[in-house]
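Undergrad: What follows is a single structure, and I will ask about it in a moment.
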Ligand SMILES: Cc1cc2nc3c(=O)[nH]c(=O)nc-3n(C[C@H](O)[C@H](O)[C@H](O)COP(=O)(O)OP(=O)(O)OC[C@H]3O[C@@H](n4cnc5c(N)ncnc54)[C@H](O)[C@@H]3O)c2cc1C
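In the numbering used here, the protein residues as written are 10 to 487.
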């Protein structure tokens with residue numbers, strides 16, 4: 010890092026001037042791993058998945074130990090710097106970037122240690138899903154994680170975390186055993202059911218608000234190495250039939266089966282017949298982790314004449330990454346999502362009508378299949394709540410940065426999201442919320458848990474140091 014005095018964004022819209030000496034201190038706290046624009050590694054350190062996020066920090070520090078994180082949090086607090094924590098950089102709202110401020114890029118803390126006997130893994134906050142899936146699958150084990158391998162484990166888990174295994178084992182946070190966390194006062198704490206239980210409760214769904222998690226210990230399950238999965242798709246003209254079949258099969262599916270339903274334009278991929286490229290289809294992304302695939306997949310097989318059918322035996326790590334290329338980094342993304350307890354006729358009809366009118370080539374309108382174990386715990390078992398969710402809907406738009414119809418596309422997503430949300434539980438997933446969704450929306454996401462969450466936030470972060478996230482303000486703040 011070139012040492013020279015610098016103005017940074019501070020808390021509460023203030024500007025903070027760091028002297029040369031301050032910057033030398035900052036650099037020493039991170040073992041010299043502090044980056045400024047133009048430095049080697051800067052571009053990667055500030056890159057985020059959503060190309061629509063144009064803000065950039067002034068400085069990035071790349072700690073490698075919890076003690077360094079604690080010292081850096083202390084530095085940010087003392088100097089009243091706007092601070093953000095970057096895991097995998099995948100939050101659609103770009104919450105890992107403190108505009109003009111300081112980012113702690115956790116990518117150097119990327120160790121995974123698996124204990125195959127205890128069936129646990131200790132995961133560093135810089136790990137991506139693929140790091141954990143690769144390490145755990147060596148032992149025929151898996152953690153509850155999402156289904157795109159470049160997403161960060163910390164960001165995903167701390168907001169709840171859902172994936173193909175959620176129906177069997179609940180939210181990712183239902184499988185979180187403990188965390189090590191640096192709180193706003195600079196203390197390195199252990200939070201678990203038997204130590205700092207309030208903090209642990211809040212971390213399980215709103216973790217980004219409570220501190221910097223420097224280690225996650227998660228429960229593993231026997232999964233794979235071979236499962237049954239893949240994509241299967243039918244003409245959109247059959248949407249009525251396919252949507253209703255989806256509702257029927259997901260309402261009776263064993264927990265080992267998770268099926269995402271997506272109304273999309275077929276991509277120009279080699280596995281899609283050329284005559285179908287760009288045409289509307291009803292697609293299902295399937296993952297079955299049980300031992301009776303023929304029986305479990307029969308309702309899908311009964312839907313004859315698919316235009317694409319890739320469902321078959323596949324390594325679990327393959328299922329966890331086959332959607333990776335469908336949403337490449339750097340494109341512009343805008344999503345609206347909501348939870349649903351049921352798929353009513355009206356919801357299915359509205360979805361079909363909306364997608365029939367959709368002109369965004371990179372749009373997706375669909376449902377992620379939840380339910381199962383997620384529904385079995387009490388609402389207040391962790392801050393995450395939403396124990397009535399059986400599906401998450403998404404009206405998702407993707408377009409190139411120079412797309413001339415971007416404004417119109419964005420409006421389609423908003424309108425579609427609003428119509429679909431009106432047929433949901435009224436709440437949405439914090440990990441999928443966009444930057445224009447306000448604090449009320451965040452609080453609403455936690456339902457009856459919001460009140461306790463605000464009190465815990467007040468206890469651990471009264472100055473709202475951790476605000477670059479889906480923010481819960483402490484009771485006393487602003
Ligand atoms: C293509 C794509 C696919 C996705 N698939 C799924 C899915 O299958 N299941 C699912 O549940 N979600 C999914 N998500 C949503 C994802 O869970 C969130 O975007 C999540 O926030 C990403 O975590 P990250 O570490 O990559 O993001 P970042 O943007 O780096 O971080 C997200 C938030 O977490 C905070 N944070 C990160 N690390 C820490 C830490 N160590 N301590 C405290 N706070 C921290 C950041 O400050 C930020 O507010 C997907 C997102 C994308 C873009």
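The C-beta atom is built at its ideal place from N, Cα and C for all residues, glycine as well.
So is residue 100 buried or exposed if we call it buried at 16+ other beta carbons inside 10 Å?
TA: Counted from its first residue, the chain shown places residue 100 at position 91. Burial call: buried.
Undergrad: Please look up how many angstroms separate the CB atoms of residue 109 and residue 167, rounded, as I've assumed it's under 8 Å.
TA: As a first step, residue 109 is located in the chain shown; it is residue number 100 there, counting from the start. As a first step, residue 167 is located in the chain shown; it is residue number 158 there, counting from the start. The Cβ separation is near 24 Å, so there is no contact.
Undergrad: Please work out which residues of its chain come closer than 6 Å, Cβ to Cβ, to residue 190, disregarding the five sequence neighbours upstream and downstream, and give them in chain order.
TA: The residue you call residue 190 lines up with position 181 of the chain shown. Taken in chain order, the residues that qualify are 198, 200, 220, 222.
Undergrad: Three-state secondary structure (DSSP) at residue 63?
TA: One-based indexing of the chain shown puts residue 63 at position 54. Correct three-state label for residue 63: coil.
Undergrad: Can you find the residues in the same chain that come closer than 7 Å, C-beta to C-beta, to residue 151, ignoring five residues on each side of it along the sequence?
TA: Taking the first residue of the chain shown as position 1, residue 151 is located at position 142. Cβ neighbours of residue 151 beyond the five flanking positions: 142, 145, 174, 229, 230, 232, 233, 325.
Undergrad: Please report the distance separating the alpha-carbon of residue 361 from that of residue 290.
TA: As a first step, residue 361 must be located in the chain shown, where it is residue number 352. As a first step, residue 290 must be located in the chain shown, where it is residue number 281. Distance between the alpha carbons of residue 361 and residue 290: 11 Å.
Undergrad: Under 8 Å between the Cβ atoms of residue 396 and residue 380?
TA: Here residue 396 is taken as the residue at index 387 of the chain shown, counted from 1. Here residue 380 is taken as the residue at index 371 of the chain shown, counted from 1. The answer is no: Cβ separation not under 8 Å.
Undergrad: Quick one: what's residue 346 bridged to in DSSP?
TA: As a first step, residue 346 must be located in the chain shown, where it is residue number 337. DSSP lists 403 as partners of residue 346.
Undergrad: Assuming residue 488 contacts residue 195 under a Cβ cut-off of 8 Å, what Cβ separation, rounded to an integer in Å, is found between them?
TA: For the chain, the structure presents residues 10 to 487; residue 488 sits outside this window and is missing.
Undergrad: Per DSSP, what kind of secondary structure is residue 433 in: helix, strand or coil?
TA: Numbered from its first residue, the chain shown carries residue 433 at position 424. Note: residue 433 maps to coil in three-state DSSP.
Undergrad: Taking the alpha-carbon of residue 453 as reference, which of 445, 438, 464 has the nearest alpha-carbon?
TA: Within the chain shown, numbered from 1, the residue matching residue 453 stands at position 444. Per the Cα distances, 438.
Undergrad: I need the DSSP call for residue 14, collapsed to helix, strand or coil.
TA: The sequence position of residue 14 within the chain shown is 5, counting from 1. DSSP places residue 14 in coil when its eight states are reduced to three.
Undergrad: Could you check how far apart the C-beta atoms of residue 504 and residue 211 are, in whole angstroms? I think they sit under 8 Å.
TA: The structure shown does not extend to residue 504, since the chain is modelled only from 10 through 487, so no value can be given for it.
Undergrad: Compute the Euclidean distance between the alpha carbons of residue 24 and residue 43, then round it to the nearest angstrom.
TA: In the chain shown, the residue the question calls residue 24 occupies position 15. In the chain shown, the residue the question calls residue 43 occupies position 34. Cα to Cα, residue 24 sits roughly 20 Å from residue 43.
Undergrad: Rounded to whole angstroms, what's the CA-CA distance from residue 417 to residue 368? Just pull it up for me.
TA: Within the chain shown, the letter at position 408 stands for residue 417. Within the chain shown, the letter at position 359 stands for residue 368. Roughly 10 Å separates the two Cα atoms.
Undergrad: Kindly give me the distance between the Cβ atoms of residue 64 and residue 98, rounded to whole angstroms, as I take these residues to be in contact under 8 Å.
TA: The residue given as residue 64 occupies position 55 in the chain shown. The residue given as residue 98 occupies position 89 in the chain shown. That pair is no contact at about 13 Å.
Undergrad: In whole angstroms, give me the CA-to-CA distance for residue 308 and residue 259.
TA: Position 299 of the chain shown holds residue 308. Position 250 of the chain shown holds residue 259. So the two alpha carbons sit approximately 10 Å from each other.
Undergrad: I'd like to confirm the pairing. Which residues does DSSP put opposite residue 242 in its beta bridges?
TA: On the chain shown, residue 242 is found 233 positions in, with the first residue counted as 1. Paired residues: 292, 317.
Undergrad: Hey, quick one: how far does the beta strand (DSSP E) through residue 388 stretch, first residue to last?
TA: Taking the chain shown and counting its residues from 1, the one referred to as residue 388 is at position 379. No beta strand (DSSP E) contains residue 388, which DSSP labels as neither H nor E.
Undergrad: Regarding residue 481 and ligand 1, is the C-beta to nearest heavy atom distance less than 7 Å?
TA: For this step, residue 481 is matched to residue 472 along the chain shown. Not under cutoff, so the answer is no.
Undergrad: With a threshold of 7 Å on Cβ separation, who are the neighbours of residue 140 within its own chain once the five nearest residues in sequence on each side are excluded?
TA: Residue 140 sits at position 131 when you count from the first residue of the chain shown. Only 119, 121 meet the Cβ criterion.
Undergrad: Within its chain, find whatever has a CB closer than 8 Å to the CB of residue 487; leave out the 5 residues flanking it on each side and keep chain order.
TA: Locating residue 487 in the chain shown gives position 478, where the first residue counts as 1. Bear in mind that the predicted position of residue 487 carries a pLDDT of just 49, short of 50, making it unreliable; the figure below should be weighed with that in mind. Same-chain partners within the cutoff: 473.
Undergrad: Do residue 288 and residue 274 count as a contact pair if the criterion is CB distance below 8 Å?
TA: Walking along the chain shown from the start, residue 274 turns up at place 265. Walking along the chain shown from the start, residue 288 turns up at place 279. Yes; because the gap between Cβ atoms is below 8 Å, this pair is in contact.
Undergrad: Cα-Cα, which of 389, 294, 70 is closest to residue 107?
TA: Stepping through the chain shown from its first residue, residue 107 is reached at position 98. Of 389, 294, 70, the residue nearest in Cα terms is 70.
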